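Peer 1: One structure, pasted below without further comment.
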Amino acid sequence: MLNINLYNSKDEIAWCPGCGNFAILDAIKRAAAELEIKPEDLVMVSGIGQAAKTPHYIRANGFNGLHGRALPPAQGIKMVNKNLKIIVASGDGDAYGEGGNHFIHAIRRNMDITQIVHDNQIYGLTKGQGSPTTAFGQKTSMQFEGVMQQPLNPLALAIAAGATFVARTFTGEREQLKNLLKEAINHKGYALIDILQPCVTFNKVNTFKWYKERVYALDSSYDPSNKAKALEKALEFGDEGIPTGIIYREEGKPVFEELHPVIAKDEPLVDRKWEVKNIERFLKEFE
Amino acid sequence: MEFNILVGGEAGQGMDTISDFLEKVIKLNGYYVFSNKDYMSRARGGNNFTQIRISDKQLFSHSNKLDFIIALDKNTAEFHVDRLNDKGVIILDEGIKFEHEKAISLPLVKLANELGLSRAVGMMAIGATMKYFGLSLEGFERFIPTKFTEQVRNINIEAVKKGYSLIDSQYNLEKRNIEDTLLLNGNTAIALGAMAGGLNFYSAYPMTPATSVMTYLSKKQVEAGMIVEQVEDEIAAINMAIGASYAGARAMTGSSGGGVSLMVEAFGLAGIMETPLVVLDSQRPGPATGLPTRTEQSDLSFLLTASHGEFPRMVMSVRNAEDAFYQTFRALNLADRFQTLVIILTDQYLADSKVTVPSFKLDDLKIESHIADGKVLAKGEEYKRYKLTDNGISPRLIPGQVPGQVVLVDSDEHTEDSHITESAEVRIAQMEKRMNKLEMLKEYVEEPEYFGVESPEILLVGWGSTYGALKEAVETLNGEGVNIGALSFGDLYPLPTKKLTNYAAKAKVIVNVEQNYTGQLGKLIAQETGILMNKSILKYDGREIYGEELVERVKGEVM
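Respectively, the protein sequence lines represent chains A and B. Under the numbering used here, the first sequence is numbered contiguously, ending at residue 287. Under the numbering used here, the second sequence is numbered contiguously, ending at residue 1559.
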């Protein structure tokens, strides 16, 4: 186990006191320390949003890109250097709204990366508008008559799209959060963890208490390899309870890095040796 | 000496096979080729054609003259017969009812069926064409596609020979020796230039006429050790390429105008993150879907400022297939040196025109990698990605390469150590650091190529693919005693101004020649130098201007 202080950033944190993001940040550091991933071997990738500031608050490589666009660079980085561990950290707006198309296709590509979604069911950075996971009918700082769209179910969507690791947790369950992160990082393939977290400033409905009263951890009798059952669990959300833990896990599906003949070679692409005269053999067919 | 052949028919009739074969045979016999395609946006039907221009000198443009037509359908015969010169002929199958004094009806289908392969019609037409021009049959077998079975191969060889016996020779193109050459189109030249320059990452979404760059790269990715990835949209394409570049790849993306429009937000990301990136725009007429399979130069104004905010960028265009190879190579070096965005403009005309070019000279080419290593850091020093330096370029480490050091990049305005800031002082320092690259880029831009008399009365200015038309028109007009010259720009931004100010001072009339409606180079020149165009020759019908056409327009509109 590495010293957790290795991951301490000097940057001043701009999150509200009591924000669920703090628990997530702490869990990432602990998971990395316990898995002995050195800061130089870890890349935190994000888009834009409160959650997307995470790369600034952990001392590791980081790519804080454009809103909704965390997954494309994350995959590009992994393709070029498969030795790096990639964690994509973004919010529900970034991951499921602006970045919805990338979400679906990253699942299809199944690279060995971990995506955590800080899901507070509201837009924080832009001050309280409805997000793709805001409840139907909820009044917000923009939807004055209430949200008129049905909320997206990201877990069900991920399972249907073919994701091989789909989990949910809550920032109030710190040990489960850290352990799921470790499982997700160790999972071979794309892994999604939807992390329910209260937004203390802008979401007065889905509070810490609201989540605490509804979440329940799936016990050992639950078989996460059963896809139909998993879909059923994924659809469970609200007053009837919110299951947490690994909702779906499928082992053995090939990852993109194994399928792509160039990436599958021993040395990562970044170490490729190339000289101008290597082009000569490609010019022959045009002579 | 010059001849022009047209091969036309409906999409799906195998025109590409015929024209590819003829081009190779002509090259084998020691003649230069310039062939351009004219096709409709459909996989079947319509009237598609390829024009093959042949000369004993290097060619840079197509021509509208015709000496010979291979008509695979009636439309081709009807559409193009009037362009044939006095001696010109048109060959077609006897089954196509087309009565004309220039028509030579041949029993192509009947003979092909006798050989047992109805598709051999094309090979028979090739044989007849070779005979007409007096091209030698020697060695043609090597061009029969290798994908064919032995039996089909033999029938095709037989078909060429049979076609050869069908008509009489009108010309006698004897085998010549020419310097080492390559026969390729502009998009392939771009792909090869990129590969030579160390490209190892290309992510894109298919869009005509940029797709064939990606297709070639994809075909070679395993052999060359590159990653060529088709992604869900152009937004993903550019963001993925930026991620790859951050991780240490030589990365590029490409599309046509519509796809490039989608990429625009991330131009600024490359700019503020200071990540090297090359973006290819293979232009076609817009706006929106426009004319998908035709040509235009209408994305220049758009790309000069595309994306919000201000950051340094370089915009260059390629003028022909040879230029495309060297400039793409250079673009990757410049993006790496200045850690910013370099945009390459080409267009459908260059993308699909196949041309004989002198073999590429590789000895003078050098891959300049500017990725730093741990030596740039003093003992105990923590790496800062955006460290302020004398010239604004910070040493670029890539993640995972230096023990204990991390590399953070950010789309927000940031401090030297990459963290988000609102500080006015830091903002000014980082803006000035980045924008200074634009000043440095001015030292690296290449002057336009000039052709014509040293003190021209009429100065034509153009960019990119009009190179061939400008060169040919000036040669013709100079030959007729007209006092004219032309500047053909490759690099466009920062705008190289030395030759421009020199020749503009001598000229009485300056005319911009562009494939667009608004005269975008003319505007750029006015903006950067205050030099105003006196006249414009603009074309926006989706068809590339050619030498003779430009001569006529200069005579009609300028002289």
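Heads up, the beta-carbon is just placed ideally off N, CA and C, and yes, glycines get one too. Note that the structure is predicted; figures quoted are calculated from it, not measured.
Can you round the beta-carbon distance between B/S1245 and B/F1034 to whole angstroms, since I take them to be within the 8 Å contact cut?
Peer 2: Translated into the one-based positions of the second sequence, residue 1245 of chain B becomes position 245. Translated into the one-based positions of the second sequence, residue 1034 of chain B becomes position 34. Rounded to the nearest angstrom, the Cβ distance from B/S1245 to B/F1034 is 36 Å, too far for a contact under 8 Å.
Peer 1: Going along the segment 130–159 of chain A in order, which residues come within less than 8 Å of chain B, judged by CB to CB distance?
Peer 2: none
Peer 1: Does A/M79 get closer than 7 Å to chain B when you measure Cβ to Cβ?
Peer 2: The sequence position of residue 79 of chain A within the first sequence is 79, counting from 1. Yes, because at least one Cβ of chain B sits closer than 7 Å to the Cβ of A/M79.
Peer 1: Closest to B/A1249 by CA distance: which of A/I13, A/G76, A/P261 is it?
Peer 2: Taking the second sequence and counting its residues from 1, one reaches residue 1249 of chain B at position 249. If we check each option's Cα against that of B/A1249, A/G76 comes out closest.
Peer 1: CA-CA distance, A/A184 and B/E1446?
Peer 2: Taking the first sequence and counting its residues from 1, one reaches residue 184 of chain A at position 184. Taking the second sequence and counting its residues from 1, one reaches residue 1446 of chain B at position 446. In a straight line, the C-alpha of A/A184 is about 51 Å away from that of B/E1446.
Peer 1: Where are the alpha helix (DSSP H) runs, 4 residues long or more, that stay fully inside the segment 1132–1192 of chain B, in chain order?
Peer 2: 1150–1164
Peer 1: Give the residues of chain B in contact with A/K253, contact being defined as C-beta atoms less than 9 Å apart.
Peer 2: Within the first sequence, the letter at position 253 stands for residue 253 of chain A. Going along chain B, no residue has its Cβ under 9 Å from A/K253, so there is no contact; the nearest lies around 19 Å.
Peer 1: How long is the line joining the alpha carbons of B/N950 and B/G1392, rounded to whole angstroms?
Peer 2: In the structure as shown, chain B begins at 1001 and stops at 1559. Residue 950 of chain B is therefore absent and cannot be evaluated.
Peer 1: Could you give the C-beta distance for B/M1001 and B/S1063, rounded to a whole number, given that I count them as a contact under 8 Å?
Peer 2: For this step, residue 1001 of chain B is matched to residue 1 along the second sequence. For this step, residue 1063 of chain B is matched to residue 63 along the second sequence. Between B/S1063 and B/M1001 the Cβ distance is about 13 Å, and since that is not below 8 Å, they are no contact.
Peer 1: Report the option in A/F208, A/I193, A/P151, A/G252 whose CA atom is closest to the CA atom of A/C199.
Peer 2: As a first step, residue 199 of chain A must be located in the first sequence, where it is residue number 199. Per the Cα distances, A/F208.
Peer 1: So B/G1197 packs on B/T1340, CB below 8 Å; how close in whole Å?
Peer 2: Sequence index remark: in the second sequence, residue 1197 of chain B carries index 197 (1-based). Sequence index remark: in the second sequence, residue 1340 of chain B carries index 340 (1-based). Their Cβ separation, rounded to whole angstroms, is 16 Å, which puts B/G1197 and B/T1340 out of contact at 8 Å.
Peer 1: Among B/N1172, B/V1318, B/E1138, which one has its Cα closest to the Cα of B/T1188?
Peer 2: Walking along the second sequence from the start, residue 1188 of chain B turns up at place 188. Checked all of B/N1172, B/V1318, B/E1138; the closest Cα to B/T1188 is B/V1318.
Peer 1: If you follow the alpha helix (DSSP H) that B/V1426 is in, where does it begin and where does it stop?
Peer 2: Walking along the second sequence from the start, residue 1426 of chain B turns up at place 426. Taken as a continuous stretch (DSSP letters only), the alpha helix (DSSP H) holding B/V1426 covers 1424–1442.
Peer 1: With a 10 Å radius around its C-beta and 16 neighbouring C-beta atoms as the bar for buried, classify A/P17 as buried or exposed.
Peer 2: Along the first sequence, read from residue 1 onward, the residue named residue 17 of chain A stands at position 17. A/P17 is exposed by the Cβ-count criterion.
Peer 1: What's the gap between the Cα of B/I1531 and the Cα of B/N1333?
Peer 2: Taking the second sequence and counting its residues from 1, the one referred to as residue 1531 of chain B is at position 531. Taking the second sequence and counting its residues from 1, the one referred to as residue 1333 of chain B is at position 333. C-alpha separation (whole angstroms): 31 Å.
Peer 1: Report the partner residues of B/P1358 according to the DSSP bridge assignment.
Peer 2: As a first step, residue 1358 of chain B must be located in the second sequence, where it is residue number 358. DSSP lists B/T1181 as partners of B/P1358.
Peer 1: Could you tell me the alpha carbon to alpha carbon distance between B/N1048 and B/A1011, rounded to whole angstroms?
Peer 2: Taking the first residue of the second sequence as 1, we reach residue 1048 of chain B at position 48. Taking the first residue of the second sequence as 1, we reach residue 1011 of chain B at position 11. One C-alpha to the other measures close to 6 Å.
Peer 1: Please list, in chain order, the chain B residues whose beta carbon lies closer than 7 Å to that of A/D41.
Peer 2: For the purposes of this step, residue 41 of chain A is taken as residue 41 along the first sequence, with counting starting at 1. What A/D41 touches in chain B: G1400.
Peer 1: Under a CB-based cut-off of 7 Å, is A/N101 close to chain B?
Peer 2: Locating residue 101 of chain A in the first sequence gives position 101, counting from the first residue. Yes, contact with chain B.
Peer 1: Nearest to A/L192 by CA position, among A/P154, A/R214, A/F202, A/F170, is which residue?
Peer 2: Residue 192 of chain A sits at position 192 when you count from the first residue of the first sequence. Comparing Cα positions, the closest option is A/P154.
Peer 1: Could you give the first and the last residue of the continuous beta strand (DSSP E) run that contains B/A1486?
Peer 2: Within the second sequence, the letter at position 486 stands for residue 1486 of chain B. Per DSSP, B/A1486 belongs to the beta strand (DSSP E) from 1484–1489.
Peer 1: Compare the C-beta of A/F286 with all C-beta atoms of chain B and state if any pair is closer than 7 Å.
Peer 2: Here the question's residue 286 of chain A lines up with position 286 in the first sequence. Chain B contact via Cβ: present.
Peer 1: How about the segment 57–76 of chain A and the segment 93–105 of chain A: do they share at least three Cβ pairs that are nearer than 8 Å?
Peer 2: yes
Peer 1: Tell me whether B/T1129 is buried or exposed, calling it buried when 16 or more other Cβ atoms sit within 10 Å of its Cβ.
Peer 2: Your numbering for residue 1129 of chain B matches position 129 in the second sequence. It is buried - the Cβ of B/T1129 has at least 16 other Cβ atoms within 10 Å.
Peer 1: DSSP on A/G68, reduced to helix/strand/coil?
Peer 2: By one-based count along the first sequence, residue 68 of chain A stands at place 68. In the three-state reduction of the DSSP assignment, A/G68 falls in the coil class, being assigned neither a helical nor a strand state.
Peer 1: Bridge partners of B/D1281, per DSSP?
Peer 2: Locating residue 1281 of chain B in the second sequence gives position 281, where the first residue counts as 1. According to DSSP, B/D1281 bridges with B/S1255, B/L1345.
Peer 1: Among the candidates A/K127, A/I104, A/L6, A/A74, whose CA atom is the shortest distance from the CA of A/K38?
Peer 2: Numbered from its first residue, the first sequence carries residue 38 of chain A at position 38. Here the closest residue by C-alpha is A/L6.
Peer 1: Helix, strand or coil, according to DSSP, for B/R1313 in the structure here?
Peer 2: The residue given as residue 1313 of chain B occupies position 313 in the second sequence. Note: B/R1313 maps to strand in three-state DSSP.
Peer 1: Per DSSP, A/Y117 forms a beta bridge with which residues?
Peer 2: Here residue 117 of chain A refers to the residue found at position 117 of the first sequence. A small correction: the amino acid at residue 117 of chain A is Val; Tyr does not occupy that position in the sequence shown. According to DSSP, A/V117 bridges with A/S90, A/D194.
Peer 1: For A/E250, collect the residues of the same chain with a Cβ closer than 6 Å to its Cβ; drop the 5 residues on either side in sequence, then sort them by chain order.
Peer 2: Your numbering for residue 250 of chain A matches position 250 in the first sequence. Contacts found: T164.
Peer 1: Using a Cβ distance threshold of 8 Å, determine whether the segment 1455–1468 of chain B contacts the segment 1499–1515 of chain B, with at least three qualifying pairs required.
Peer 2: yes
Peer 1: Can you confirm whether B/I1157, when its beta carbon is compared against all beta carbons of chain A, has any partner nearer than 7 Å?
Peer 2: Position 157 of the second sequence, counting from 1, holds the residue named residue 1157 of chain B. Interface annotation, B/I1157: not in contact with chain A, CB-CB separation never under 7 Å.
Peer 1: Secondary structure at A/L259, three-state DSSP: helix, strand or coil?
Peer 2: Counted from its first residue, the first sequence places residue 259 of chain A at position 259. In the structure shown, A/L259 sits in a helix (DSSP, three-state: H, G or I).
Peer 1: With a floor of 4 residues, list each alpha helix (DSSP H) that falls wholly inside the segment 191–256 of chain A, ordered by position along the chain.
Peer 2: 208–214, 227–234
Peer 1: Between B/E1114 and B/V1089, what straight-line distance do the alpha-carbon atoms span, to the nearest angstrom?
Peer 2: On the second sequence, residue 1114 of chain B is found 114 positions in, with the first residue counted as 1. On the second sequence, residue 1089 of chain B is found 89 positions in, with the first residue counted as 1. Cα atoms of B/E1114 and B/V1089: separation of roughly 26 Å, rounded to the nearest angstrom.
Peer 1: CB-CB under 6 Å to B/K1384, same chain, minus the five flanking residues each way: which ones, in chain order?
Peer 2: In the second sequence, residue 1384 of chain B corresponds to position 384, counting from 1. The answer, listed in chain order, is E1416, D1417.
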